[in-house]
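Here is the structure we will look at.
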Ligand code: F6P
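Right, dumping it as structure tokens:
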């Protein structure tokens, strides 16, 4: 089949993740050098597509960005064009403005739209594919919770950052004989906390997949005291809950496709622990967006380059309506229809949890 692709558009949506720039670079370079396509990038995700706000992507404009976190195209986690907030008769109402985006693509001569995003952003990508737009998805999230692919870029960088910060928490915890409760991101999945907890030598790891009880944590703190280790590092995923309890919500972002922002569990747990632990101060630290910032790890640079190069190949092969994925270490593709809602979480009986328990890490569930 003759492939008449001449021009492609790229956008990044949702929360940023280290590796986005490396993907943009790999798509752009492969598209230009291997296939001779023209490339443009829409700014601030779907909002740029709606406002026809874009920049040309050339070999020059993607030079020097491989290692950099963030996204040169900027991002937004609010602008769902299928439910866009618009002012009508003095009121803010939700409206489907996706036809405007389709028209903009047509007028600019953009043949294929490459969408880099997580759940919410890829849901819109699927919906544009349903409208007949030629779409390729690239999975992005530091949380690593997309079921349709083995690993997402940004995760390794987040784990590296949290691991490094746990090392820093260790020395101060030890000096003051404190119990430190460190909150990691991850939404409803515990991958970041689990991996960084093991790599950063945490004593207790609390994840959404294994509800904790306070007594069990107190028991571990006491055991450490008795073994001459009068300080304890607890890593808690932001989505972790006490047995029978609820997730702690930080805020609701009304106009976001995924409006619930978690956060605050470390503070809650520190308060709960302080009521029963009398021989240590208990402090909480929320790592927050530091986990997504700064330079990208070499692993994520390579992973992102693989994702981007494969996305460009998929365009040439006409694999529209699909997302690039990695299965058993190999690049592959999966229909966007299958991707949505296929979130994954830590297996509480899986190898990593098992070996962590075997080396004495508590999950607060004994
Ligand atoms: O999905 C990535 C992530 O960083 C989550 O780990 C976190 O819960 C959320 O995004 C934070 O979103 P925002 O950047 O909107 O605060």
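Numbering (my numbering), first residue to last: 4 to 369.
Don't be surprised by glycine CBs; every beta carbon is placed ideally from N, CA and C.
With a 10 Å radius around the Cβ and a threshold of 16 neighbouring Cβ atoms, residue 62 comes out exposed. If the five residues before and after residue 85 are omitted, its C-beta is found closer than 7 Å to the C-beta atoms of 99, 101, 127 and 130, all from its own chain and listed in chain order. Note that the stretch 287-304 touches the stretch 11-23; at least 3 beta-carbon pairs, one per stretch, sit closer than 8 Å. Taking a C-beta distance under 9 Å as the contact criterion, residue 329 and residue 309 qualify as a contact pair. For residue 291, there are no CB contacts under 7 Å within the same chain when 5 residues up- and downstream are skipped. In this structure, the beta-carbon distance from residue 311 to residue 104 does not fall below 9 Å. Take the alpha-carbon of residue 247 and the one of residue 214: they are about 8 Å apart. Note that the C-beta distance between residue 334 and residue 325 is not below 9 Å. The C-beta distance from residue 323 to residue 117 rounds to 10 Å, too long to meet the 8 Å contact threshold. If the five residues before and after residue 250 are omitted, its C-beta is found closer than 7 Å to the C-beta atoms of 242, 244 and 265, all from its own chain and listed in chain order. For residue 59, the CB contacts under 7 Å within the same chain, skipping 5 residues up- and downstream, are 43 in chain order. Here residue 198 is buried, its C-beta having at least 16 other C-beta atoms within 10 Å. Apart from the 5 residues on each side of it in sequence, residue 41 sits with its Cβ closer than 7 Å to the Cβ of 9 and 10 in its chain, given in chain order. By the 16-neighbour rule on beta-carbons within 10 angstroms, residue 283 is buried.
Residue pairing by DSSP places residue 95 opposite 90 in a beta bridge. Within the same chain, and ignoring the five residues on either side of residue 271 in sequence, the residues whose Cβ sits closer than 8 Å to its Cβ are 251. By a beta-carbon distance limit of 8 Å, residue 37 contacts residue 315. Their separation comes to about 7 Å.
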